[in-house]
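Q: Sequence lines, in order, name chains D and S. Its first residue numbered 1102, the first sequence is counted upward by one per residue in this note's numbering. Its first residue numbered 3, the second sequence is counted upward by one per residue in this note's numbering. The beta-carbon is built from N, C-alpha and C at its ideal position, and this holds for glycine as well. Note that the coordinates shown come from a computational prediction; the quantities given were computed from them, not determined experimentally.
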Amino acid sequence: GAVVSQHPSWVICKSGTSVKIECRSLDFQATTMFWYRQFPKQSLMLMATSNEGSKATYEQGVEKDKFLINHASLTLSTLTVTSAHPEDSSFYICSANHFLTDTQYFGPGTRLTVL
Amino acid sequence: DAKTTQPPSMDCAEGRAANLPCNHSTISGNEYVYWYRQIHSQGPQYIIHGLKNNETNEMASLIITEDRKSSTLILPHATLRDTAVYYCIVREITGTASKLTFGTGTRLQVTL
Chain D
1102 GAVVSQHPSW VICKSGTSVK IECRSLDFQA TTMFWYRQFP KQSLMLMATS
1152 NEGSKATYEQ GVEKDKFLIN HASLTLSTLT VTSAHPEDSS FYICSANHFL
1202 TDTQYFGPGT RLTVL
Chain S
3 DAKTTQPPSM DCAEGRAANL PCNHSTISGN EYVYWYRQIH SQGPQYIIHG
53 LKNNETNEMA SLIITEDRKS STLILPHATL RDTAVYYCIV REITGTASKL
103 TFGTGTRLQV TL
């Protein structure tokens, strides 16, 4: 149990394009999901907190207009990187907070490469 | 900022117990200790968490000192697949889902 999926697992895109990443909790409901970013040889950095049916809360320094987050249901949150640039290349990881156990479970991550 | 301190790296022989320490001297009464691990190029995996009592599950044991200022994660019989970065995280429990702040963790290398 407590499985979180992400799609796609990797994506390569040209500079200036937008990329959407999906995060799904497969066997539990999650009113809150989180989006992290991890650069090589660094730890995970929280980007934003996503609550179902409301606007996301972004961490300081994260551009909300560049990283669009939608949490339309209790099992799905999406992150859209708009007008991606090479510096946005990173490993993006989501987590879903289990509604009953209040434990965060992580997806497998999405590796984004912007050329 | 992370509220925990962990050694940057540790080695452990396969089959032996791996004991990973964590200091969290400023922990508050409503904060739990969580442990996650991250195998290379994967998302973090939840291991265990506790408040003040020792905890055990199928993956590991968590020993928290009586003053709650430090804890130890124990993998009783380490295997090569346990090679990963282990994160000790203090998380406030507020009634709504609270965030996890990752530090630099301990890189555990299990060897033959």
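Counting only Cβ pairs nearer than 8 angstroms, list the residues of chain D close to Gln111(S).
A: Residue numbering aside, residue 111(S) sits at position 109 when the second sequence is read from its first letter. Those do not exist, as Gln111(S) stays about 16 angstroms from chain D at its closest Cβ, beyond 8 angstroms.
Q: Which residues in the same chain have their Cβ closer than 7 angstroms to the Cβ of Thr1118(D), if we skip the five residues on either side of it in sequence?
A: Counting from one through the first sequence, the residue named residue 1118(D) turns up at place 17. Excluding positions up to five away in sequence, the list reads Ala1185.
Q: Quick check on DSSP: helix, strand or coil for Asp69(S)?
A: Position 67 of the second sequence, counted from the first residue, corresponds to residue 69(S). Residue state, collapsed to three classes: coil.
Q: Give every residue of the same chain whose Cβ lies closer than 7 angstroms to the Cβ of Val1215(D), excluding the five residues on either side of it in the sequence, and list them in chain order.
A: Locating residue 1215(D) in the first sequence gives position 114, counting from the first residue. Cβ within range, chain order: Cys1114, Ser1116, Ala1185, His1186, Pro1187, Asp1189 and Ser1190.
Q: Give the secondary structure of Arg83(S) by DSSP, where H, G and I count as helix, E and B as strand, and everything else as coil.
A: On the second sequence, residue 83(S) is found 81 positions in, with the first residue counted as 1. In this structure, Arg83(S) counts as helix in the three-state DSSP scheme.
Q: Just the C-alpha distance for Thr28(S) and Asp69(S), rounded to the nearest angstrom, thanks.
A: What you label residue 28(S) is simply residue 26 of the second sequence in a count that begins at 1. What you label residue 69(S) is simply residue 67 of the second sequence in a count that begins at 1. Cα to Cα, the separation comes out at about 11 angstroms.
Q: List, in chain order, every chain S residue whose beta-carbon is nearer than 7 angstroms to that of Gly1208(D).
A: Locating residue 1208(D) in the first sequence gives position 107, counting from the first residue. Within 7 angstroms Cβ-Cβ: Gly45.
Q: Give, in chain order, every residue of the stretch 30-54 of chain S whose Cβ lies closer than 9 angstroms to some Cβ of chain D.
A: Taking 9 angstroms as the Cβ-Cβ cut-off against chain D, the residues of the stretch 30-54 of chain S that qualify are Tyr36, Tyr38, Gln40, Ser43, Gln44, Gly45, Pro46, Gln47, Tyr48 and His51.
Q: Considering only the alpha carbon of each residue, which of Tyr1137(D), Asn1171(D), Gln1161(D) and Lys1142(D) lies closest to Thr106(S)?
A: Against the second sequence, residue 106(S) aligns to sequence position 104. Of the listed residues, the one whose Cα sits closest to Thr106(S) is Lys1142(D).
Q: Assign Thr1077(D) to buried or exposed, taking buried as 16 or more other Cβ atoms, counted over all protein chains shown, within 10 Å of its Cβ.
A: As displayed, chain D neither begins before 1102 nor continues past 1216, which places residue 1077(D) out of reach and without an answer.
Q: Quick one: list the residues of chain D neighbouring Thr106(S), beta-carbon separation under 7 angstroms, in chain order.
A: What you label residue 106(S) is simply residue 104 of the second sequence in a count that begins at 1. Here the neighbours are Ser1144.
Q: Which first and last residues belong to the beta strand (DSSP E) in which Ile95(S) is found?
A: One-based indexing of the second sequence puts residue 95(S) at position 93. Premise fails: Ile95(S) is in no beta strand (DSSP E) and is neither H nor E.
Q: Specify the secondary structure class of Pro9(S) as computed by DSSP and reduced to three states.
A: Translated into positions along the second sequence, residue 9(S) becomes position 7. Looking at Pro9(S) - three-state DSSP - the assignment turns out to be coil, as it is neither helix nor strand.
Q: Could you name the residues of the stretch 1194-1205 of chain D whose beta carbon sits closer than 7 angstroms to any beta carbon of chain S, in the order they occur along the chain?
A: For the stretch 1194-1205 of chain D, which is checked against every Cβ of chain S, the residues closer than 7 angstroms are Ile1194, Asn1198, Asp1203, Thr1204 and Gln1205.
Q: Taking only beta-carbon positions, decide if Leu1147(D) is within less than 9 angstroms of chain S.
A: In the first sequence, residue 1147(D) corresponds to position 46, counting from 1. Chain S contact via Cβ: present.
Q: Start and end of the beta strand (DSSP E) containing Gln1185(D)?
A: Here residue 1185(D) is taken as the residue at index 84 of the first sequence, counted from 1. One point to set straight first is that residue 1185(D) is Ala, not Gln, in the sequence displayed. No beta strand (DSSP E) holds Ala1185(D); DSSP gives it neither H nor E.
Q: What I want to know is whether the C-beta of Pro1109(D) ends up closer than 8 angstroms to one or more non-hydrogen atoms of the ligand SAM.
A: Ligands in the displayed structure: none, and consequently the ligand SAM is not present.
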